[in-house]
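In what follows, a single structure is set out as structure tokens and then discussed.
2 protein chains.
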Amino acid sequence: MEPNKILNLSVDCVVFGYDTNTKSLNVLLIKRYLESETTKDVLVNDYVLTGYHVYEDETLDESATRVLKELTGLTNQYKKQFKAFGNPDRLSNKKDLIWVQNQEFNLRTITIAYYFLLKTEDVDVDNNKYEAKWFPVRELPELGFDHQQIIEEAHEDLKTKCLVEPIIFELLPDKFTINDVQDLYESILGIEIDNRNFRRKLINKKYIIPLDEKQVGVSKKPAQLYMFSKDIYKKMYHKNYLINI
Amino acid sequence: MEPNKILNLSVDCVVFGYDTNTKSLNVLLIKRYLESETTKDVLVNDYVLTGYHVYEDETLDESATRVLKELTGLTNQYKKQFKAFGNPDRLSNKKDLIWVQNQEFNLRTITIAYYFLLKTEDVDVDNNKYEAKWFPVRELPELGFDHQQIIEEAHEDLKTKCLVEPIIFELLPDKFTINDVQDLYESILGIEIDNRNFRRKLINKKYIIPLDEKQVGVSKKPAQLYMFSKDIYKKMYHKNYLINI
DNA sequence: AATAATAAACGTAAATATGACGTTTGTAAA
DNA sequence: TTTACAAACGTCATATTTACGTTTATTATT
């Protein structure tokens with residue numbers, strides 16, 4: 001039982017986006033496709049998270065930021081390192097071995113997994129060089145490596161985190177309706193919330209600011225728009241140690 | 001900017017223990033000491049977390065469990081992987097370079113950090129071959145590597161986690177008083193709690209079971225003893241999605 | 001121009017939880 | 001027997017939550 005001598009270090013990014021039209025919490029995935037040169041059989045045909053090796057001179061955070069920028073062009077998005085995955089057998093799947101055939105893959109690969117929060121519409125998937133595509137988090141396609149597990153754990157972490165910190169607003173446009181916020185909570189948590197109670201609770205928050213603006217182009221009573229004030233949130237926020245076990 | 005070729009992978013364990021007598025949340029640390037053979041100057045004299053390389057054939061979790069067992073003899077303690085630390089400059093401190101002189105330390109070292117929860121009295125520090133010692137989390141000694149930061153981040157994670165999951169009971173004896181629980185919350189969170197309100201709240205929980213037993217050997221009114229029922233907690237527990245932002 | 005359809009927005013009453021305190025009780029030691 | 005003191009119990013005002021019912025503003029239809 002010798003300590004490892006050679007390892008491979010990467011970051012993987014679970015990119016969450018929210019589409020206010022379809023009311024769906026999405027994950028951004030990229031296509032893997034490979035067919036045999038001789039038999040023309042399809043060897044690999046699935047999706048994976050975006051990720052890459054960590055460069056020698058960059059921090060883990062910088063590496064994740066770089067990967068997100070490469071995929072989406074975006075910087076300054078909410079980012080959280082939520083777990084490291086590094087079990088010795090994590091890339092032993094046949095398809096994955098085929099896919100990485102041109103790399104020294106008798107190495108152990110450790111990946112530091114991050115999730116990012118952004119708005120679905122901020123990414124131009126139609127002109128994406130990686131063929132990136134959004135998938136609803138509850139209707140994922142076949143996934144390579146252990147990326148199904150990584151996404152599930154990211155989603156669990158997001159569920160917990162959105163209950164205690166106002167990160168939900170990272171997924172919404174600057175101007176949103178109360179119902180947008182409710183729909184998003186329902187998408188993330190997979191629950192139904194009473195609209196009247198939710199509305200009252202949210203409107204009473206000092207950091208939810210009503211704007212002099214309403215929805216336009218809807219065929220029903222147009223909803224009031226609001227914004228989230230991070231400044232006010234920070235000022236009034238002394239960590240509110242509510243024991244909720 | 002080439003990807004890393006050679007890395008070092010380790011786990012580090014923040015071992016939290018609670019001493020119901022001193023009412024102190026403690027961290028278990030091991031001694032580092034090294035003096036120059038020629039000048040007899042003290043080169044390194046501080047404490048560090050316990051940690052070790054990850055073996056080739058073990059998972060990260062197994063590695064952390066092994067390290068804890070090696071240090072304390074204990075298995076089956078509450079364990080959480082909370083963060084990976086792997087910035088390129090994280091072990092560039094002079095003392096640390098001296099300490100690891102006999103290893104190839106021009107490698108980058110990634111450490112997967114875990115914390116464990118146990119009872120201070122379960123560890124026999126007087127006969128510990130690593131000279132392990134408990135330190136109150138708010139009175140830490142000088143620490144090597146980036147272990148100060150790792151402990152602080154573990155403590156922050158513990159603060160958040162103990163508010164939403166009943167992990168506090170992992171730090172307490174099987175039979176405890178209501179005041180034990182309160183004291184422990186106060187130690188972890190660094191706040192004061194009103195005893196009468198806290199008591200009412202806790203006693204109303206179905207999974208806090210009063211025993212037919214009281215404290216013995218105290219020189220005041222002996223307190224009622226309780227136990228925590230994980231079974232009842234799990235049964236009644238459908239994740240109680242309280243949005244608390 | 002009136003009406004229907006519908007989501008947005010407002011309202012209410014009971015039950016539960018919280019925050020801020022005061023009071024009583026059981027034990028060992030004086 | 002008394003005293004010291006933490007344990008344990010009690011109270012009241014306020015805030016929050018739960019579970020609903022009602023009104024309103026808009027577009028589309030008649």
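First to last, the protein sequences are chains B and C. Sequential numbering of the first sequence, starting at 1, is according to full-length UniProt numbering. Sequential numbering of the second sequence, starting at 1, is according to full-length UniProt numbering. No residue lacks a Cβ here, since even glycine has one placed at the ideal position from N, Cα and C. What you are looking at is a predicted structure, and each value in this text was computed from that prediction instead of being measured.
Backbone CA spacing between residue i and residue j [nearest angstrom]
| i | j | result |
| --- | --- | --- |
| B:Asn87 | B:Leu202 | 42 Å |
| C:Phe176 | C:Val123 | 19 Å |
| B:Tyr55 | B:Ser63 | 7 Å |
| B:Leu68 | B:Asp157 | 19 Å |
| C:Thr59 | C:Ile167 | 24 Å |
| C:Met227 | C:Pro210 | 7 Å |
| C:Asn4 | B:Trp134 | Model confidence at C:Asn4 stands at a pLDDT of 44, short of 50, so the residue's coordinates are unreliable; what they give is reported in the following sentence. Approximately 31 Å, taken between the alpha carbons. |
| B:Glu152 | C:Arg90 | 30 Å |
| B:Gly144 | B:Ile6 | 23 Å |
| B:Val164 | C:Ile243 | 7 Å |
| B:Glu35 | B:Asp96 | 13 Å |
| B:Ile98 | B:Asp126 | 28 Å |
| B:Gly73 | C:Thr22 | 54 Å |
| C:Thr75 | C:Thr65 | 7 Å |
| B:Thr120 | B:Thr20 | 9 Å |
| B:Tyr18 | B:Leu184 | 8 Å |
| B:Pro136 | C:Tyr237 | 27 Å |
| C:Tyr241 | B:Leu189 | 8 Å |
| B:Asp180 | B:Leu172 | 8 Å |
| B:Glu131 | B:Ile30 | 6 Å |
| C:Glu94 | B:Thr38 | Checking the displayed sequence, the identity of residue 94 of chain C turns out to be Lys instead of Glu. Answer to the nearest angstrom: the Cα atoms are 57 Å apart. |
| B:Glu2 | C:Leu118 | In this predicted model, B:Glu2 has a pLDDT of only 45, less than 50, meaning its place in the structure is not dependable; the value taken from the coordinates is given anyway. Distance between the alpha carbons of B:Glu2 and C:Leu118 is about 29 Å. |
| B:Leu225 | B:Gln215 | 7 Å |
| B:Tyr33 | B:Val42 | 8 Å |
| B:Asp12 | C:Lys220 | 57 Å |
| B:Pro222 | B:Arg200 | 18 Å |
| B:Ile150 | C:Thr160 | 22 Å |
| B:Ser92 | C:Asn197 | 54 Å |
| C:Val218 | C:His155 | 32 Å |
| C:Val100 | C:Asp174 | 41 Å |
| B:Ser229 | B:Glu186 | 22 Å |
| C:Leu140 | B:Phe169 | 38 Å |
Identity of the residue in the options nearest residue i by Cα
| i | options | result |
| --- | --- | --- |
| B:Val44 | B:Leu60, B:Glu142, B:Thr38, B:Asp122 | B:Glu142 |
| residue 271 of chain C | C:Ala113, C:Ile188, C:Arg32 | The question about residue 271 of chain C has no answer, for chain C in this structure spans 1 to 245. |
| B:Phe16 | B:Ser10, B:Leu25, B:Asn8, B:Leu9 | B:Leu25 |
| C:Leu28 | C:Trp99, C:Lys40, C:Phe116, C:Asn195 | C:Phe116 |
| C:Ile232 | B:Ile245, B:Ala223, B:Lys79 | B:Ile245 |
| B:Val48 | B:Val14, B:Glu70, B:Lys80, B:Glu139 | B:Val14 |
| C:Asn8 | C:Ala154, C:Thr120, C:Arg108 | C:Arg108 |
| B:Tyr78 | B:Cys162, B:Asp146, B:Val137, B:Ile191 | B:Cys162 |
| C:Asp194 | C:Lys31, C:Ala154, C:Ile178 | C:Ile178 |
| B:Ala84 | C:Ser10, C:Ile191, C:Glu70 | C:Ser10 |
| C:Asp61 | C:Glu186, C:Lys94, C:Thr39, C:Phe82 | C:Phe82 |
| C:Ile191 | C:Asn197, C:Arg199, C:Gln182 | C:Gln182 |
| B:Asp46 | B:Lys80, B:Asp146, B:Thr160 | B:Asp146 |
| C:Lys206 | C:Thr160, C:Leu71, C:Lys235 | C:Lys235 |
| B:Glu70 | B:Gln148, B:Asn204, B:Lys129, B:Phe169 | B:Lys129 |
| B:Thr111 | B:Glu139, B:Lys80, B:Gly51, B:Ser229 | B:Gly51 |
N-terminal and C-terminal residue of the alpha helix (DSSP H) that residue i is part of
| i | result |
| --- | --- |
| C:Gln179 | In the sequence as presented, Gln is not what sits at residue 179 of chain C; that position holds Asn. Element bounds for C:Asn179: 178-189. |
Where the beta strand (DSSP E) containing residue i begins and where it ends
| i | result |
| --- | --- |
| C:Arg32 | 24-35 |
| B:Val48 | 42-48 |
| C:Ile54 | Checking the sequence shown, residue 54 of chain C turns out to be Val, not Ile. Note, C:Val54: premise wrong, no beta strand (DSSP E); not H, not E. |
| B:Phe85 | 78-85 |
| C:Leu74 | That residue, C:Leu74, is in no beta strand (DSSP E); it is neither H nor E in DSSP. |
| C:Asn8 | 7-19 |
Chain B contacts from the stretch 50-61 of chain C (Cβ-Cβ distance under 9 Å): Tyr52, His53, Val54, Tyr55, Glu56, Asp57, Glu58, Thr59, Leu60, Asp61
Could you list the residues in the stretch 86-113 of chain C with a C-beta less than 8 Å from some C-beta on chain B, going in chain order? Gly86, Asn87, Pro88, Arg108, Ile110, Ile112
Secondary structure, alpha helix (DSSP H): runs of 4+ residues fully inside the stretch 92-143 of chain B: 94-99
Can you pull out the residues from the stretch 190-201 of chain C whose beta carbon lies closer than 9 Å to at least one beta carbon of chain B? Ile191, Ile193, Phe198, Lys201
Inside the stretch 157-237 of chain B only - beta strand (DSSP E) runs reaching at least 3 residues: Qualifying beta strand (DSSP E) stretches, in chain order: 208-214, 224-228.
Near-chain B residues of the stretch 202-225 of chain C (beta-carbon distance less than 7 Å), N- to C-terminal order: none
Any C-beta of chain B within less than 7 Å: which residues of the stretch 162-177 of chain C qualify? Leu163, Val164, Glu165, Pro166
Scan the stretch 127-142 of chain B for residues whose Cβ lies nearer than 7 Å to a Cβ of chain C and list them as they occur along the chain. none
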